[in-house]
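*Asks:*
In the UniProt record's numbering, the protein residues as written are 1 to 104.
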């Protein structure tokens with residue numbers, strides 16, 4: 001049995017038990033099972049976007065989606081951060097700012 005956090009009709013966060021016969025230990029497998037018609041499921045929008053765009057899956061129960069989770073980048077402070085760390089951080093910020101995959 002799996003417990004999922006969902007937002008109820010009045011916006012209140014609730015924890016519900018979800019069960020079924022299918023089990024997967026990777027979200028990609030679970031998402032493909034949904035695309036093959038085995039039932040409904042949930043996963044990160046960035047993983048679902050290609051299937052949504054192709055019309056293989058559709059969003060259902062949108063009012064019950066869990067709240068967004070903030071993304072943080074943390075590294076050990078040094079006097080002079082590595083250039084590649086700064087470049088990665090800048091690239092990540094820009095990519096997330098423009099990420100269509102993260103927008104419903």
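The C-beta atom is built at its ideal place from N, Cα and C for all residues, glycine as well. What you are looking at is a predicted structure, and each value in this text was computed from that prediction instead of being measured.
Is the CB-CB distance between residue 29 and residue 43 below 7 Å?
*Replies:* Taking 7 Å as the Cβ cut-off, residue 29 and residue 43 do not qualify as a contacting pair.
*Asks:* At which residues does the beta strand (DSSP E) containing residue 92 begin and terminate?
*Replies:* First-last for residue 92: 83 to 97, but that is the alpha helix (DSSP H), not the beta strand (DSSP E).
*Asks:* Going by DSSP, which residues form a beta bridge with residue 4?
*Replies:* In the DSSP output, where bridge partners are listed per residue, residue 4 has 16.
*Asks:* Hey, quick one: how far does the alpha helix (DSSP H) through residue 53 stretch, first residue to last?
*Replies:* Residue 53 -> alpha helix (DSSP H) spans 45 to 53.
*Asks:* Distance, Cα to Cα, residue 16 vs residue 79?
*Replies:* Going from the Cα of residue 16 to the Cα of residue 79 covers about 47 Å.
*Asks:* Tell whether a beta-carbon distance below 7 Å holds between residue 14 and residue 8.
*Replies:* Cβ distance < 7 Å, so residue 14 and residue 8 count as in contact.
*Asks:* Let me know if residue 87 comes out buried or exposed under the rule of 16 or more other beta-carbons within 10 Å of its beta-carbon.
*Replies:* Label assigned to residue 87: exposed.
*Asks:* Am I right that residue 48 and residue 60 are in contact with their C-beta atoms under 8 Å? What's the rounded C-beta distance?
*Replies:* Contact flag wrong, Cβ pair sits at about 12 Å.
*Asks:* So the candidates are 38, 36, 46, 52; which of them puts its Cα closest to the Cα of residue 95?
*Replies:* Here the closest residue by C-alpha is 46.
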